[in-house]
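Protein chains: 4
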Amino acid sequence: MKKNYFSPLTPRGLSNISPPPPWHYAGDFLVIDFWAKPEAVKSVLPAELQADDKADGHAQAYFIDWQFTGEHDEFLDPARYQYREFFILVDALFDAKPVAFCPYIFVDNDAAVARGWVQGFPKRLGQVSQTRTFAAPGAACPKIAAGGRFGATASTCGQRIARGTVTLEKAVSDLAVLGSRPTLNMRHFPRLAAGQWERPAVHELVESIMDNFKIADAWMGKGELTLPECENEELSELAPVRCGSGYRMSVSYDVTDLKTLVDHSAAAK
Amino acid sequence: MKKNYFSPLTPRGLSNISPPPPWHYAGDFLVIDFWAKPEAVKSVLPAELQADDKADGHAQAYFIDWQFTGEHDEFLDPARYQYREFFILVDALFDAKPVAFCPYIFVDNDAAVARGWVQGFPKRLGQVSQTRTFAAPGAACPKIAAGGRFGATASTCGQRIARGTVTLEKAVSDLAVLGSRPTLNMRHFPRLAAGQWERPAVHELVESIMDNFKIADAWMGKGELTLPECENEELSELAPVRCGSGYRMSVSYDVTDLKTLVDHSAAAK
Amino acid sequence: MKKNYFSPLTPRGLSNISPPPPWHYAGDFLVIDFWAKPEAVKSVLPAELQADDKADGHAQAYFIDWQFTGEHDEFLDPARYQYREFFILVDALFDAKPVAFCPYIFVDNDAAVARGWVQGFPKRLGQVSQTRTFAAPGAACPKIAAGGRFGATASTCGQRIARGTVTLEKAVSDLAVLGSRPTLNMRHFPRLAAGQWERPAVHELVESIMDNFKIADAWMGKGELTLPECENEELSELAPVRCGSGYRMSVSYDVTDLKTLVDHSAAAK
Amino acid sequence: MKKNYFSPLTPRGLSNISPPPPWHYAGDFLVIDFWAKPEAVKSVLPAELQADDKADGHAQAYFIDWQFTGEHDEFLDPARYQYREFFILVDALFDAKPVAFCPYIFVDNDAAVARGWVQGFPKRLGQVSQTRTFAAPGAACPKIAAGGRFGATASTCGQRIARGTVTLEKAVSDLAVLGSRPTLNMRHFPRLAAGQWERPAVHELVESIMDNFKIADAWMGKGELTLPECENEELSELAPVRCGSGYRMSVSYDVTDLKTLVDHSAAAK
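Protein chains in written order, with the numbering used here: chain A, 798 to 1066; chain B, 798 to 1066; chain C, 798 to 1066; chain D, 798 to 1066.
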């Protein structure tokens, strides 16, 4: 029997939006290095973080096909728990140490929204797709090999917010190229009572903690990314000035913890 | 310019998942009175509420076609802000007073999920549809008149969770038949830090506050409802023992406040 | 019992993608007059039609919230049969008579795709949304009155293909302003046998026939439309040079017939 | 430049619902052998086919994650061309030879609907999901190995029509166990002109032709399948009396041809 960790709080916990931790993830990643205008990166940072001037606007775009499971074979219910994700990480500093901050993230699944909010990822719904590879060869799928090409797109509310392409060149021999900055988020949950709209019940700078992190079949090559302008969306302000490497890999990890760095949660008045 | 009330916290607030309050709503309602097994109703109540034995398991199912706007013409962006909703209210007592509690609610829009969570509505994503009427008459649409029939369905993750039908008989002359219990919710937001999973950052019994509540074109008649059994869903445990009246009406109201009745939010350890 | 008119051909016809004719429709229309580049309009016409030089590129964009029914209360199953539609009509000539031709049309429902293909409408899937009005007044919905504003968008595969707005000024006193050109389509169904790909089994210029056409609550005012550029989509080539009037109305009609004007269907070799 | 094979017929063919053949496919298959009531199988056969009494109601359920491409790198646009499919094949006889016939098939993509109809597959829209495996190991994904479990579901219009599970036991050493019956379909496209509704423009018994068929990583084990009852759907009449083996494999092939076995297409009156 599941416990109720999220809402709704139900007799057996089956109807809860997501099972409680531990949370287990496995997925295929397309990642693209790019450089936005440094002032655009600075504009999405919370007050607790500082611009990383040496990074010169460096950021990464992630397109991920995810499979999730909790402790009760949720991976056998893909209609409810499998999902796709697109997000941006920008380089920043926290207490003079290099970190990555997530200003925008989109998924196509509500269980993933719920877990994301609790981790501080500011998730909205979107539609995300990436080219896959399959064991049976043919014209319909690229190989994990030099020359293999993978495309990806993300949209929200019917507007395309991102288009990425990765052309593989070589296997990644040193995983350090993938970067090692900790991922920081603002965990945030507002109050609705009149007079308290600016006193969020939860407002914390947090650091993501991922256990049992595994990478397989990591390849790299050329990355290309566009972040098109959209009505009433600000993501395009981070549009690439230039793009760098692109990566494709499989990743798995577990989540059972979160580290609070700065807690600005307000008491109710 | 919008302020950032929810996440993500962005330079101009346009990419925020929903604008801040005040929130304005207008919609078409199909409502069906029904009676579940009293012990099933009792099993979905939080500890702060008591069973309303006189209600004998009374509950209501709501199917709503909603239009939302904030202060910046959000009603002109229906792809982002228009949505559809299904929920259940069950009769209960709080401090011996009659109230209605929302154990299950489903919407097809993430801005609505965000606002709902902050109000304490335990929203998940679902697909909800109801029969409409149009000003041009014909076989394709029922009239708001005796004999008019309206159907509705709700599903989540590809499983049908509800099927309702309302057959109109007469205009509602006394709005008191629609009920007047305040709507109570558990506002809930967990902690993820290891060792604190059972110390939610937010856990409050709250009362919904709706201003400028208007009802138009209210009709009533016969209501029919089924809540089919689904894999790993508990909603069907509230399946009707019998159904009562059905209603169709248009409703509008504003939301700018929330009343906390009992606050069990836990301090971090 | 339904008959099998479309596929799949099943024992009782219930699983057929759409019921057979007669088909009954009711819906809310947002319509925007605009003028594209005349050569762009000419480029989407089939060989059987001629450019209407006097029209100077005139076209109309339609956003429609539809409800459909056949003969078995399909309007009570809105999850399966209710749908939304966006299409373009361009002015043209057939045998020197003014007609309107449909080069692009998008709906969010497969039963509507099936009926559309049989009528010759070249339907693809898309997401279409329009602002609604409700009987209960308030900030969340415009009124059918001077100053009322209605927005609409359409997208396909996560790319926005159209954005329209109509600001009402006055009731339509003479329905002739809405136009009266017959709607022509190319009904088309290819062959797959090797060597016969260019010998379609069905290739006919047809004229739509709508019976019991009714219009209610027709208002007009200012129309605005954009057709944004999208990757691998050609619709934006019809982007407005200028926009004209906008209309909002409710419409109903029935479909039970189709008129073939030119039949180029090829015999199998 | 693409040619226009389907509708819409556009200047550059980019907006056509699908590129012309050749069509290239690659995908992951979950397949489950089962036996329905023989009279239920018989009831879905067209007049041109006979019941295969020796098969005793044998049928197969397929859940497939597909990637498609034409000749212009369509695999790099997964939002438009990647899709998921569920279908049933039942055993039958044609001219005393064993064949498989497809009575029901559901996909989540309109380009796949268009190609399917031209091949005679009676496609409707549905939502289909299957458990995936990823190169990075962990609790969130099963391995292609003994004990690996894969789940799948299909729904249409918010009703679940199928639930399957495959538990792997061993690699498939002899691909003959997968079966070798040719796949037959009724290619069907109706007329709408009054008086001609029962004279379809296209009505042919056809045989699917797949070239360059490749299978990789084929495993087999225990299969389980349910086909739940749904309102106004007939698929559940094929519900398993018993289930047999389950299979998981990757498959690729090309389509450039179709063989007509019996042509009942009617001339227009």
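Glycine is no exception: its CB is placed at the ideal position from the N, C-alpha and C atoms.
query, result
"Excluding five sequence neighbours on each side, which residues of the same chain lie with their C-beta closer than 7 Å to the C-beta of threonine 807 of chain D?", "Asn801 and Asn813"
"Taking the C-alpha atoms as reference points, what is the distance between cysteine 899 of chain C and phenylalanine 803 of chain C?", "23 Å"
"So with Cβ pairs under 7 Å, would you call glycine 955 of chain D a contact of chain C?", "yes"
"If you draw a straight line from the C-alpha of arginine 912 of chain C to the C-alpha of proline 843 of chain B, how long is it?", "50 Å"
"Taking Cβ positions, are alanine 852 of chain B and serine 1049 of chain B nearer each other than 7 Å?", "no"
"Measuring only the C-alpha atoms, how far is glycine 1043 of chain B from serine 926 of chain B?", "16 Å"
"Check whether the Cβ atoms of glutamate 845 of chain D and valine 1059 of chain D sit closer than 7 Å, and answer yes or no.", "yes"
"Short of 6 Å in beta carbon distance, which residues of its chain neighbour alanine 889 of chain C, apart from the five on each side in sequence? Order them along the chain.", "Leu842, Leu846, Asp849, Val896 and Phe898"
"Assuming leucine 1022 of chain D and alanine 858 of chain D make a contact with CB atoms under 8 Å, what is their CB distance in whole Å?", "5 Å"
"When the cut-off is 7 Å and only beta carbons count, does threonine 928 of chain C lie next to chain B?", "yes"
"Check whether the segment 1008 to 1023 of chain B touches the segment 920 to 934 of chain C, taking contact to mean three or more Cβ pairs, one atom from each stretch, closer than 8 Å.", "yes"
"With a cut-off of 8 Å on the beta carbons, I'd call threonine 1053 of chain C and proline 819 of chain C a contact; round off their distance for me.", "5 Å"
"Where do the ends of the beta strand (DSSP E) carrying tyrosine 859 of chain D lie?", "855 to 866"
"DSSP three-state label for phenylalanine 947 of chain A, please.", "strand"
"Can you list, in chain order, the residues of the segment 840 to 853 of chain B whose Cβ is nearer than 7 Å to any Cβ on chain A?", "Ser840, Val841 and Pro843"
"So does the segment 941 to 951 of chain D actually touch the segment 961 to 976 of chain D, counting three or more Cβ pairs closer than 8 Å?", "yes"
"Give every residue of the same chain whose Cβ lies closer than 6 Å to the Cβ of arginine 978 of chain C, excluding the five residues on either side of it in the sequence, and list them in chain order.", "Pro895, Val896 and Ala897"
"Over what stretch of residues does the alpha helix (DSSP H) that includes alanine 909 of chain C continue unbroken?", "907 to 916"
"So serine 1062 of chain A packs on proline 987 of chain A, CB below 8 Å; how close in whole Å?", "Not a contact, Cβ separation roughly 11 Å."
"Using only CA atoms, which one of D:Gly976, D:Trp994 and D:Thr962 lies nearest to alanine 1064 of chain D?", "D:Trp994"
"Could you say which of C:Thr953, C:Phe918 and C:Asp830 lies nearest to proline 875 of chain D if we only look at CA atoms?", "C:Thr953"
"List the residues of chain C that histidine 1061 of chain B touches, going by C-beta distances under 7 Å, in chain order.", "The premise fails here: histidine 1061 of chain B is roughly 33 Å from chain C at the closest Cβ pair, so nothing lies under 7 Å."
"Starting from the beta carbon of serine 952 of chain B, find every residue of chain D whose beta carbon is closer than 9 Å, and list them in chain order.", "Ser952, Cys954, Gly955, Gln956 and Arg957"
"Among C:Ser1005, C:Asp830 and C:Leu989, which residue has its Cα nearest to the Cα of valine 999 of chain D?", "C:Leu989"
"Out of B:Glu871, B:Arg881, B:Leu873 and B:Tyr901, which one is the CA nearest neighbour of alanine 1036 of chain B?", "B:Tyr901"
"Closest Cβ-Cβ distance between glutamine 864 of chain B and chain C: below 7 Å?", "yes"
"Using beta carbons (cut-off 7 Å, strictly below), is proline 919 of chain A in contact with chain B?", "yes"
"On the CB-based measure, 16 or more other CB atoms within 10 Å of its CB, does serine 1047 of chain C come out buried or exposed?", "buried"
"Closest by CA to serine 840 of chain A, which one among A:Phe865, A:Val887, A:Gln879 and A:Asp862?", "A:Val887"
"My output table needs one value for alanine 852 of chain D: the three-state DSSP class, helix, strand or coil.", "helix"
"Just checking: is the beta-carbon of phenylalanine 986 of chain D within a distance shorter than 7 Å of some beta-carbon in chain C?", "yes"
"Give, in chain order, every residue of the segment 879 to 910 of chain C whose Cβ lies closer than 9 Å to some Cβ of chain D.", "Cys899, Pro900, Tyr901, Ile902, Asn906, Asp907, Ala908 and Val910"
"Have a look at asparagine 982 of chain B and phenylalanine 891 of chain B and give me their C-alpha separation to the nearest angstrom.", "12 Å"
"By how many angstroms is the C-alpha of cysteine 1040 of chain A removed from the C-alpha of glycine 854 of chain A?", "11 Å"
"So the alpha helix (DSSP H) arginine 809 of chain B belongs to, where does it begin and stop?", "Unbroken run through arginine 809 of chain B: none, as it is neither H nor E."
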